[in-house]
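Enquirer: Take this structure first; my questions come after.
Written as structure tokens, this is what we have:
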């Protein structure tokens with residue numbers, strides 16, 4: 005929610021989402037500095053973090069990308085072909101702003117890498133000299149079983165290799181960036197002003213707030229159905245090993261499962 009899903013004018017647990025995203029950008033600039041001419045955000049959720057990065061680094065912020073408001077979220081489209089087409093329709097570079105510039109491009113996250121790969125290609129075609137990508141969340145390495153379309157670990161680009169250093173280089177090469185940097189999980193959490201125990205970071209660290217019933221064997225759709233049914237009825241989930249555990253109704257992160 006703080007990184008991507010929530011509207012920037014939302015307030016969650018007393019913390020402004022916009023302020024949290026700007027602070028993430030400031031922390032990202034401290035953690036992953038790079039010399040460049042202009043900081044741009046990938047609209048909309050990457051923009052506040054880009055503003056924070058520019059403020060902290062002293063590098064000017066500019067609007068280098070225009071967004072088509074009538075094209076939806078690209079990473080949840082059913083096929084890669086549609087996702088790639090959606091990116092071209094969704095974002096358009098402002099050539100007069102980015103031509104001849106060394107760019108820092110701040111985005112909220114990298115899931116499959118489709119958006120960043122197509123975007124960097126467009127920026128270079130528009131005349132960008134260098135493209136340095138900075139990400140306002142840690143690498144996404146685990147599926148989300150709570151309603152977001154990260155189907156399998158194999159689809160997540162950060163799972164290309166196990167070694168952290170090799171992973172960064174593999175993702176950087178795959179998307180075509182000159183450099184790549186992610187904010188640390190600790191930095192992201194600190195920007196929310198929330199204790200780590202109140203946040204779900206499962207897609208970053210694999211620590212799910214609700215124990216999952218053999219998700220690797222059952223598959224995403226089956227697990228989501230079982231979790232939703234258990235949350236709605238209060239009936240405990242039967243574990244494959246015969247163990248039973250109740251869905252943790254007192255956990256704030258369960259609320260999404262109760263939505264119709």
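In the working numbering, the protein residues as written are 5 to 264. Quick reminder that beta carbons are idealized off the backbone N, C-alpha and C, glycines included.
If you follow the beta strand (DSSP E) that residue 109 is part of, which residue opens it and which one closes it?
Expert: 106-111
Enquirer: Return the CA-CA distance between residue 219 and residue 145, expressed in angstroms with no decimal places.
Expert: Bear in mind that the predicted position of residue 219 carries a pLDDT of just 49, short of 50, making it unreliable; the figure below should be weighed with that in mind. Distance between the alpha carbons of residue 219 and residue 145: 15 Å.
Enquirer: Pairs of beta-carbons, one from the stretch 199-209 and one from the stretch 133-144, closer than 8 Å: are there three or more?
Expert: yes
Enquirer: Can residue 28 and residue 56 be called in contact, C-beta distance under 8 Å?
Expert: yes
Enquirer: Can you name, in chain order, every residue of its own chain whose Cβ lies under 6 Å from the Cβ of residue 51, other than the five neighbours on each side?
Expert: Spatial neighbours of residue 51 in its own chain (CB-CB distance under 6 Å, excluding positions within 5 residues in sequence) are listed in chain order as 45.
Enquirer: Please report the distance separating the alpha-carbon of residue 19 from that of residue 166.
Expert: When only Cα atoms are considered, residue 19 and residue 166 end up about 34 Å apart.
Enquirer: Run the CB neighbour count on residue 118, radius 10 Å, all protein chains shown included, and call it buried at 16 or more, exposed below.
Expert: buried
Enquirer: What residues are listed by DSSP as bridge partners for residue 15?
Expert: 20
Enquirer: Could you give the DSSP three-state label for residue 152: helix, strand or coil?
Expert: Note: residue 152 maps to coil in three-state DSSP.
Enquirer: I think residue 162 touches residue 114, with their Cβ atoms under 8 Å apart; what is that distance to the nearest whole Å?
Expert: 7 Å
Enquirer: Measuring alpha carbon to alpha carbon, tell me which residue in 212, 196, 213 is nearest residue 31.
Expert: 196
Enquirer: Just verifying my parser: in three-state terms, what is the DSSP assignment at residue 80?
Expert: Any reading at residue 80 must be qualified, since the residue scores a pLDDT of 45, below 50, and its modelled position is unreliable; no value is offered.
Enquirer: Going by DSSP in three states, residue 72 sits in which element: helix, strand or coil?
Expert: In the structure shown, residue 72 sits in coil (DSSP, three-state: anything other than H, G, I, E or B).
Enquirer: Report the three-state DSSP secondary structure of residue 202 (helix, strand or coil).
Expert: helix
Enquirer: If you count every other CB in all the chains shown that lies within 10 Å of the CB of residue 17, and 16 or more means buried, which is it?
Expert: exposed
Enquirer: In angstroms, rounded to a whole number, what distance separates the CA positions of residue 106 and residue 234?
Expert: 51 Å
Enquirer: Pick from 7, 69, 182: whose alpha carbon is nearest that of residue 2?
Expert: The displayed coordinates of the chain run from 5 to 264. Any statement about residue 2 would go beyond what the structure contains.
Enquirer: Please state whether DSSP places residue 167 in a helix, a strand or coil.
Expert: coil
Enquirer: Can you tell me whether DSSP reads residue 131 as helix, strand or coil?
Expert: coil
Enquirer: Report the option in 169, 193, 187 whose CA atom is closest to the CA atom of residue 37.
Expert: 187
Enquirer: Residue 44 lies in the beta strand (DSSP E); which residues open and close that run?
Expert: 42-45
Enquirer: Which of helix, strand or coil does DSSP assign to residue 28?
Expert: helix
Enquirer: Going straight from the alpha carbon of residue 59 to that of residue 130, what length do you get?
Expert: Distance between the alpha carbons of residue 59 and residue 130: 25 Å.
Enquirer: Check each candidate in 110, 71, 96 and name the one with the smallest Cα separation from residue 7.
Expert: When only C-alpha atoms are compared, the closest one is 110.
Enquirer: Contact defined as beta carbons within less than 8 Å: I believe residue 268 pairs with residue 10. What is the distance between those atoms, to the nearest angstrom?
Expert: Summary: the structure shown does not reach residue 268, with the chain confined to residues 5 through 264, and so no result is reported for it.
Enquirer: Measuring alpha carbon to alpha carbon, tell me which of 13, 150, 14, 33 ends up nearest residue 184.
Expert: Closest option to residue 184, Cα to Cα, is 33.
Enquirer: Mark residue 95 as exposed unless 16 or more other C-beta atoms lie within 10 angstroms of its C-beta, in which case mark it buried.
Expert: buried
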